[in-house]
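Novice: Numbers 35 to 631, taken from our numbering, label the letters of the sequence shown in order.
C-beta: ideal position from N, C-alpha, C; glycine also.
Being a predicted model, the structure only gives us computed values, none of them experimental.
Here it is: the structure, laid out below.
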Amino acid sequence: MGSKQSLFKKGKELLTNKKFLFVFIICLFLGILVSIKLLFFQKTKNFSFYPESTHLQIKPILKLFSQKQYMNITSYVETILPSLEGEAKAVALFYKGESYFKEKKYSEAWNVFFPLSRSNPEIWQALFRLGCLHALRNELLESEIIFDKIKADFEEVHYWKGFVFYQQNMKKEAKGEFLKALSYPESIHSLALILHSEGDEKQASAYYLMLLKQYPDYHEEALKYLIAYYDKNKDYHELLKYLNEWEKIYPYNLKNREKKAHTLYSLGKKQEAFDILNPIASSLNSQESYRILAEITFDLKNYPLAIQFFSKINQPNKEDKKKLITALIQTYQYSDAIQLINSLTGSQTLNEDEIVFFYKKLIQCHTGLEEWQEALKYAGILISIEDKAENYLLIAEIFKMQKNKSGYLSALKEAANRNPAYLSHFFNELLETGETDEGLTVLNTILQSTPNHEEALYFKGKFLAAQNKKEDAKIALYRLIYLPPKNKELEAEGFYLLGTILFDEDKKEEAAVFFENALKVKPDSPKVILKLSLIYLASKKYRQALEILNILKKDETLPRETQIILYDFLSRAEQGAGNIQTAAFYKKRMESLKNMK
Numbered sequence: 035m036g037s038k039q040s041l042f043k044k045g046k047e048l049l050t051n052k053k054f055l056f057v058f059i060i061c062l063f064l065g066i067l068v069s070i071k072l073l074f075f076q077k078t079k080n081f082s083f084y085p086e087s088t089h090l091q092i093k094p095i096l097k098l099f100s101q102k103q104y105m106n107i108t109s110y111v112e113t114i115l116p117s118l119e120g121e122a123k124a125v126a127l128f129y130k131g132e133s134y135f136k137e138k139k140y141s142e143a144w145n146v147f148f149p150l151s152r153s154n155p156e157i158w159q160a161l162f163r164l165g166c167l168h169a170l171r172n173e174l175l176e177s178e179i180i181f182d183k184i185k186a187d188f189e190e191v192h193y194w195k196g197f198v199f200y201q202q203n204m205k206k207e208a209k210g211e212f213l214k215a216l217s218y219p220e221s222i223h224s225l226a227l228i229l230h231s232e233g234d235e236k237q238a239s240a241y242y243l244m245l246l247k248q249y250p251d252y253h254e255e256a257l258k259y260l261i262a263y264y265d266k267n268k269d270y271h272e273l274l275k276y277l278n279e280w281e282k283i284y285p286y287n288l289k290n291r292e293k294k295a296h297t298l299y300s301l302g303k304k305q306e307a308f309d310i311l312n313p314i315a316s317s318l319n320s321q322e323s324y325r326i327l328a329e330i331t332f333d334l335k336n337y338p339l340a341i342q343f344f345s346k347i348n349q350p351n352k353e354d355k356k357k358l359i360t361a362l363i364q365t366y367q368y369s370d371a372i373q374l375i376n377s378l379t380g381s382q383t384l385n386e387d388e389i390v391f392f393y394k395k396l397i398q399c400h401t402g403l404e405e406w407q408e409a410l411k412y413a414g415i416l417i418s419i420e421d422k423a424e425n426y427l428l429i430a431e432i433f434k435m436q437k438n439k440s441g442y443l444s445a446l447k448e449a450a451n452r453n454p455a456y457l458s459h460f461f462n463e464l465l466e467t468g469e470t471d472e473g474l475t476v477l478n479t480i481l482q483s484t485p486n487h488e489e490a491l492y493f494k495g496k497f498l499a500a501q502n503k504k505e506d507a508k509i510a511l512y513r514l515i516y517l518p519p520k521n522k523e524l525e526a527e528g529f530y531l532l533g534t535i536l537f538d539e540d541k542k543e544e545a546a547v548f549f550e551n552a553l554k555v556k557p558d559s560p561k562v563i564l565k566l567s568l569i570y571l572a573s574k575k576y577r578q579a580l581e582i583l584n585i586l587k588k589d590e591t592l593p594r595e596t597q598i599i600l601y602d603f604l605s606r607a608e609q610g611a612g613n614i615q616t617a618a619f620y621k622k623r624m625e626s627l628k629n630m631k
């Protein structure tokens, strides 16, 4: 704060110092003068290419020229020329020649500029225009000789010098001149062409963007370039922007609409792409468009339509055929899918991944046709190629469809042996089919080699509980939870299973401890919350019951049966807590869920 006051005080002292104030005013005045000079210089540089005159009869010429009334200038000069002499006559003749030049009457312009450049060399613009006329005749050497004499720094001069260099393929020199004439669209256009030819497409696109924004005459060419540039570089967001611009000019151009649809597809906007492409596909008869429509409908799982579009592709590649096979299977056209697979496996060289893919599809087809032996044959071939758990799961599914229980469980066991991730599935299936003895045999084998195997301990407890060997089950589960398990899901399940066994033994307080521990690991488990809240209700711990039941109430995915139990418990808890109206509300909600069809 003190430093700010000190600075303010010093500033005030300086402003009251007359000497400092005088120097400050002088500096400010000089700064303004320099700014005015710079502005004047810039204006002169840009706008003083044409000669001026204070002669009264020249002023109408300058006005007509500013209005681009070139024909009127030539006739007017003819009428006043006899009365003019000296500088005024030379200026009038220049504007006559310049009017011819602007109207592209180059012979007439030459006939004016040639004698004028000789008689009045101070009108250097006449000589300069001769250089321009030589350039237009492709007499580039003559132009260069003349332009070398012109040292004036005007954009008109730089543009024409750049033009001559460009025609001589002297691109570096041309760029240098064009960069000094950027108010000319021709300069910007030429720079874009040069940069493109040099491979600098990014910078070329920047100049085309300038043309697009500022010069309508170049609008279409600039759009074409930008569309091609962003298409090549796969910048689909920018590409879509310029395709939309092109659509404003040509709203019914089918090729543009096709490209727009392809771009939308590349951006992942599949439905929009489909809506544009589908109505015009038959008119385009484009293989690429049919392929995109096939892929869109396939991705959107509209398999019947996908089959139609895949069938329109004259030379489908392997990926097309693989998707077509999948679509045929999804529409239960198994025989057609088998025929297509056989044509591929018999006529084309396939790598291992492709063979595996097609054999898996054959298994699906033969399973769908209930041709079990054929399905098992191809599953066996798959295992000979890849001895993987996933292939044994395929065999398990075939046996399951056949209701071959032993074959099913045997295949699941083989899958679990190859990939421990399938152990849970195997053990759950053993439990479901009542094969607890076989399950315990496998589990004991695992635990002999790995005593602290978390999954084996959990399932051993589960199997023993299923056999009503509760004490043995508790021993296995105690071992599990006191490890403690790294798998938190398994830890929560262990606590829950222990709590359930104790609950069934009517040891409610002990059970509550394990349920509470399960909730610490998995706070929103419906089965744990309902079991624990039942204990709280029985022991009149209504507030604790409400606390955990309200957590469960937030879950909008609960099955109707679970919701009925939830609102029953909420009603009982609110009733016990003395909240009669709320209890009645929950009871009514429970009744409405019960009556719901």
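1) Taking just the CA atoms, how far does L245 sit from P219?
2) Might you give, ordered along the chain, the residues of its own chain that have their beta carbon closer than 7 Å to the beta carbon of M435, omitting 5 neighbours on each side?
3) Go ahead and pull the three-state DSSP assignment for I347.
4) Going by the CB atoms, is the gap between E178 and G196 shorter than 8 Å?
5) Evaluate I676 with the Cβ neighbour count: other Cβ atoms within 10 Å of its Cβ, from every protein chain shown; 16 or more gives buried, anything less gives exposed.
6) Around the C-beta of S369, are 16 or more other C-beta atoms found within 10 angstroms, so that it is buried, or is it exposed?
7) Do the region 276 to 287 and the region 309 to 321 meet, that is, are 3 or more Cβ pairs less than 8 Å apart?
8) Just to confirm, is the Cβ distance from Q91 to L118 under 8 Å?
9) Is it buried or exposed for E217, if we count other Cβ within 10 angstroms and need 16 for buried?
10) Classify M624 as buried or exposed, calling it buried when 16 or more other Cβ atoms lie within 10 Å of its own Cβ.
11) Between the Cα of T470 and those of T479, D234, K494, P485, spot the shortest distance and give me the residue it belongs to.
12) Would you list, in sequence order, the uninterrupted alpha helix (DSSP H) runs of no fewer than 4 residues that lie entirely inside the region 280 to 332?
13) Assess, as a yes-or-no matter, whether the region 251 to 260 is touched by the region 286 to 294 under the definition of 3 or more beta carbon pairs within less than 8 Å.
14) Note down the Cα distance separating L568 from K437, rounded to an integer number of angstroms.
15) With distances taken from CA atoms, which of I375, L553, K130, S605 is nearest T113?
16) With 16 as the cutoff for other CB atoms within 10 Å, does H296 come out buried or exposed?
17) If I follow the unbroken alpha helix (DSSP H) through I389, where does it start and stop?
18) In the region 93 to 144, which residue ranges form an unbroken beta strand (DSSP E) of at least 3 residues, counting only runs that do not cross its ends?
19) Considering just the uninterrupted stretch of the alpha helix (DSSP H) at I432, what are its terminal residues?
20) Tell me the rounded alpha-carbon separation between K71 and S82.
21) Which of the three DSSP states, helix, strand or coil, is assigned to F188?
22) According to the neighbour-count rule (16 or more other Cβ atoms, all chains shown, within 10 Å of its Cβ), is G21 buried or exposed?
23) Looking at the structure shown, is L589 part of a helix, part of a strand, or coil, going by DSSP?
24) Just curious, the alpha helix (DSSP H) that A499 is in, first and last residue?
25) Does the ligand MN have a heavy atom nearer than 7 Å to the CB of L118?
26) Mind checking which residues open and close the alpha helix (DSSP H) that includes Y264?
27) Output the distance between the C-alpha atoms of I375 and F392, rounded to the nearest integer angstrom.
28) Return the first residue and the last residue of the alpha helix (DSSP H) that Y442 is part of.
29) Please classify Q91: does DSSP put it in a helix, a strand, or coil?
30) Using the three-state DSSP reduction, which class does R636 fall into: helix, strand or coil?
31) What's the C-alpha gap between K79 and G233?
32) Between the Cα of Y284 and those of F460, N154, N584, H253, spot the shortest distance and give me the residue it belongs to.
33) Reducing DSSP to helix, strand and coil, say where T365 ends up.
34) Taking all protein chains shown into account, decide if G165 is buried (16 or more other Cβ within 10 angstroms of its Cβ) or exposed.
35) Could you give the first and the last residue of the continuous alpha helix (DSSP H) run that contains I222?
36) Contact check, L536 vs A545 under 8 Å by CB: the rounded distance?
Specialist: On the basis of the data shown:
1) As a working mapping, residue 219 is identified with position 185 in the sequence shown. As a working mapping, residue 245 is identified with position 211 in the sequence shown. Taking the CA atoms as reference points, P219 sits about 7 Å from L245.
2) Counting from one through the sequence shown, the residue named residue 435 turns up at place 401. Scanning its chain for C-beta atoms nearer than 7 Å, with the 5 sequence neighbours on each side dropped, one finds around M435 the residues T401, in chain order.
3) Mapped onto the sequence shown, residue 347 falls at position 313. Three-state result, I347: coil.
4) Indexing the sequence shown from 1 puts residue 196 at position 162. Indexing the sequence shown from 1 puts residue 178 at position 144. For G196 and E178, no; Cβs fall outside 8 Å.
5) Here the chain has residues from 35 to 631 only, and residue 676 is not among them.
6) Here residue 369 refers to the residue found at position 335 of the sequence shown. Classification of S369: exposed, given that the 10 Å Cβ count is below 16.
7) Taking 8 Å as the limit for Cβ pairs, the verdict is that the region 309 to 321 does not touch the region 276 to 287.
8) Taking the sequence shown and counting its residues from 1, one reaches residue 91 at position 57. Taking the sequence shown and counting its residues from 1, one reaches residue 118 at position 84. With contacts defined as CB atoms closer than 8 Å, Q91 and L118 qualify as a contacting pair.
9) Reading the sequence shown from its first residue, position 183 is the one you call residue 217. The amino acid occupying residue 217 in the given sequence is Ser; Glu does not appear at that position. Per the 10 Å Cβ criterion, exposed.
10) Numbered from its first residue, the sequence shown carries residue 624 at position 590. M624 comes out buried.
11) The sequence position of residue 470 within the sequence shown is 436, counting from 1. Of T479, D234, K494, P485, the residue nearest in Cα terms is K494.
12) 288 to 300, 304 to 318
13) For the pair of segments examined, the region 286 to 294 was found not to touch the region 251 to 260: the number of CB pairs separated by less than 8 Å stays below three.
14) On the sequence shown, residue 568 is found 534 positions in, with the first residue counted as 1. On the sequence shown, residue 437 is found 403 positions in, with the first residue counted as 1. Distance between the alpha carbons of L568 and K437 is about 40 Å.
15) On the sequence shown, position 79 is the one that residue 113 refers to. Nearest of I375, L553, K130, S605 to T113, Cα basis: K130.
16) Walking along the sequence shown from the start, residue 296 turns up at place 262. Buried.
17) The residue you call residue 389 lines up with position 355 of the sequence shown. Per DSSP, I389 belongs to the alpha helix (DSSP H) from 386 to 402.
18) none
19) For the purposes of this step, residue 432 is taken as residue 398 along the sequence shown, with counting starting at 1. I432 -> alpha helix (DSSP H) spans 423 to 435.
20) Counting from one through the sequence shown, the residue named residue 71 turns up at place 37. Counting from one through the sequence shown, the residue named residue 82 turns up at place 48. Annotation note: pLDDT 38 at K71 (below 50); position unreliable, coordinate value reported separately. Their Cα atoms are separated by approximately 15 Å.
21) Within the sequence shown, residue 188 is the residue found at index 154, counting from 1. Reduced to three states, the DSSP call for F188 is coil.
22) Since the first residue shown for the chain is 35 and the last is 631, residue 21 is missing from the structure and cannot be characterised.
23) Walking along the sequence shown from the start, residue 589 turns up at place 555. Inspection of the sequence shows that residue 589 is occupied by Asp rather than by Leu. D589: coil per DSSP, three-state reduction.
24) Walking along the sequence shown from the start, residue 499 turns up at place 465. In the DSSP assignment, A499 falls within the alpha helix (DSSP H) that extends over 488 to 500.
25) Among the components modelled here there is no ligand, and therefore nothing to report on the ligand MN.
26) Looking up residue 264 in the sequence shown gives position 230. That run of the alpha helix (DSSP H) goes 253 to 266.
27) Along the sequence shown, read from residue 1 onward, the residue named residue 375 stands at position 341. Along the sequence shown, read from residue 1 onward, the residue named residue 392 stands at position 358. Approximately 6 Å between the Cα atoms of the pair.
28) Numbered from 1 along the sequence shown, position 408 holds the residue referred to as residue 442. Y442 -> alpha helix (DSSP H) spans 439 to 452.
29) Counting from one through the sequence shown, the residue named residue 91 turns up at place 57. Coil, per DSSP.
30) Residue numbering for the chain in the displayed model covers 35 to 631; residue 636 lies beyond these limits and cannot be assessed.
31) In the sequence shown, residue 79 corresponds to position 45, counting from 1. In the sequence shown, residue 233 corresponds to position 199, counting from 1. The pLDDT assigned to K79 is 42, lower than 50, so where the model puts this residue is not dependable, and the model offers no usable value.
32) Taking the first residue of the sequence shown as 1, we reach residue 284 at position 250. Comparing Cα positions, the closest option is H253.
33) As a first step, residue 365 is located in the sequence shown; it is residue number 331 there, counting from the start. Three-state DSSP puts T365 in coil, outside helix and strand.
34) For the purposes of this step, residue 165 is taken as residue 131 along the sequence shown, with counting starting at 1. When all chains shown are included, G165 counts as buried.
35) On the sequence shown, residue 222 is found 188 positions in, with the first residue counted as 1. Taken as a continuous stretch (DSSP letters only), the alpha helix (DSSP H) holding I222 covers 219 to 231.
36) Walking along the sequence shown from the start, residue 536 turns up at place 502. Walking along the sequence shown from the start, residue 545 turns up at place 511. Yes, they are in contact, since the Cβ atoms of L536 and A545 sit about 4 Å apart, within 8 Å.
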